[in-house]
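Engineer:
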Amino acid sequence: MILFDFGFDVEKNLECELGEAEIKRFPDGEIYVRILSEIKDKECAVVKSVQKNEDFVELLLILGALKDNGAKSVNLVVPYLMYMRQDKIFKPGESLSARTVLRVLSSFSAQISLINSHVFRSYGKFDFHGVRVNNIDAFREIAQYYKKLGNPKVIAPDKGACDAAKTCASVLGCDFDFIPKKRISDTEVVMEYKDLNVLDKDVLLVDDIISTGTSIIEAIRMIEEQNPKSISVGCVHGIFTDREKFDLIKKNSTEIVSTNTFKSDVSKVDVSCLIAENLV
Ligand code: R5P
Numbered sequence: 056m057i058l059f060d061f062g063f064d065v066e067k068n069l070e071c072e073l074g075e076a077e078i079k080r081f082p083d084g085e086i087y088v089r090i091l092s093e094i095k096d097k098e099c100a101v102v103k104s105v106q107k108n109e110d111f112v113e114l115l116l117i118l119g120a121l122k123d124n125g126a127k128s129v130n131l132v133v134p135y136l137m138y139m140r141q142d143k144i145f146k147p148g149e150s151l152s153a154r155t156v157l158r159v160l161s162s163f164s165a166q167i168s169l170i171n172s173h174v175f176r177s178y179g180k181f182d183f184h185g186v187r188v189n190n191i192d193a194f195r196e197i198a199q200y201y202k203k204l205g206n207p208k209v210i211a212p213d214k215g216a217c218d219a220a221k222t223c224a225s226v227l228g229c230d231f232d233f234i235p236k237k238r239i240s241d242t243e244v245v246m247e248y249k250d251l252n253v254l255d256k257d258v259l260l261v262d263d264i265i266s267t268g269t270s271i272i273e274a275i276r277m278i279e280e281q282n283p284k285s286i287s288v289g290c291v292h293g294i295f296t297d298r299e300k301f302d303l304i305k306k307n308s309t310e311i312v313s314t315n316t317f318k319s320d321v322s323k324v325d326v327s328c329l330i331a332e333n334l335v
């Protein structure tokens, strides 16, 4: 297999040949891609996150070049794939972004793996509107990072993150709970008060994505009132679109970490091993 690895160092966990590509920008911003390795009739793999719109274009050009140069197959791993949150039609006329993006990728690759994609609520292989996708869970890695907590209790900031909390709690050998949350708008949530039994606990607050940080800030507020010993935060995809809210989370927690699916200054939990396991 020839591996085209864009920023994950998966090769340190896998015996494979590293593929080489030349990627540059034209003066007007257009992207240029050239595959330098000999890939005709060879099995290839591509590992690349899509964090911003132009990453998507770059990925399409890479996949297109592999196809046009005769790759036998392409195993695609997109650790963070944006557009997966619009997974339903909420109002008539809306674009079902997750389906469109996955359909486009599936025209280049029959094997697509994502990490904790918001489209799915469980893990393994799924059919999503005719596209076969493998959803990989990285919450065990987050929990392993927090094995250092002395008296842990895992809290999910909404019901949707309950499975994540359960996974982390099983690794840490502790209880978990969730806070009932209602989303009002992209930047507003309301949390219903709940007694979380976190007195003197080292709370680990987990969510799949931290986007603006609104959900985590509100959850920290409620947990703090209940006198825990400490509050740590773990997420898979740390997007942190709002710097002020990110700083507030840092100020009001002992530690915050994410995996390196989405690069930031707290993306300390490495998922390269997980990716390698899914490429063999
Ligand atoms: C929502 O269902 C997700 O699991 C996250 O809770 C959400 O994306 C977090 O967004 P924000 O950080 O903007 O509250």
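Numbering (the working numbering), first residue to last: 56 to 335. C-beta atoms are modelled at their ideal positions from N, C-alpha and C, and glycine is treated no differently.
Any chance you could list the alpha helix (DSSP H) runs of at least 4 consecutive residues sitting entirely within the stretch 223-268, in chain order?
Structural biologist: The stretch 223-268 contains no whole alpha helix (DSSP H) run of 4 or more residues.
Engineer: In the DSSP assignment, the alpha helix (DSSP H) including S152 goes from what residue to what residue?
Structural biologist: Per DSSP, S152 belongs to the alpha helix (DSSP H) from 152-161.
Engineer: Would Y201 and L227 qualify as a contact pair, given that the criterion is a beta-carbon distance under 8 Å?
Structural biologist: Yes.
Engineer: Is it the case that the CB of S240 approaches a heavy atom of ligand 1 more closely than 7 Å?
Structural biologist: No, ligand 1 has no heavy atom inside 7 Å of this Cβ.
Engineer: Just grab the DSSP bridge partners of K208 for me.
Structural biologist: BP columns for K208 point to V258.
Engineer: Assuming the contact rule is C-beta atoms closer than 8 Å, V291 and D263 should be a hit. Round their C-beta distance to whole Å, please.
Structural biologist: About 5 Å; that satisfies the 8 Å criterion.
Engineer: Just checking my contact of T314 with S322 at CB under 8 Å: how many whole Å lie between their CB atoms?
Structural biologist: Right, their Cβ atoms sit about 6 Å apart.
Engineer: By DSSP, does F59 sit in helix, in strand, or in coil?
Structural biologist: Strand at F59.
Engineer: Once the 5 residues before and after P212 are set aside, which same chain residues still bring their CB inside 7 Å of it?
Structural biologist: Excluding positions up to five away in sequence, the list reads I234, K236, L260, D262, S270, I271, A274.
Engineer: Can you look up Q166 in the DSSP assignment and give me helix, strand or coil?
Structural biologist: Here Q166 sits in strand by DSSP.
Engineer: Spatial neighbours of C217 within its chain, please: CB distance less than 6 Å, with the 5 preceding and 5 following residues excluded, ordered by chain position.
Structural biologist: The residues are A211, F233.
Engineer: Quick check: V132 and N333, are their CB atoms within less than 8 Å of each other?
Structural biologist: Result yes, Cβ atoms of V132 and N333 sit closer than 8 Å.
Engineer: According to DSSP, is N190 part of a helix, a strand, or is it coil?
Structural biologist: Three-state result, N190: strand.
Engineer: Can you check DSSP and say which residues form a bridge with V335?
Structural biologist: V335 pairs with nothing; no bridge assigned.
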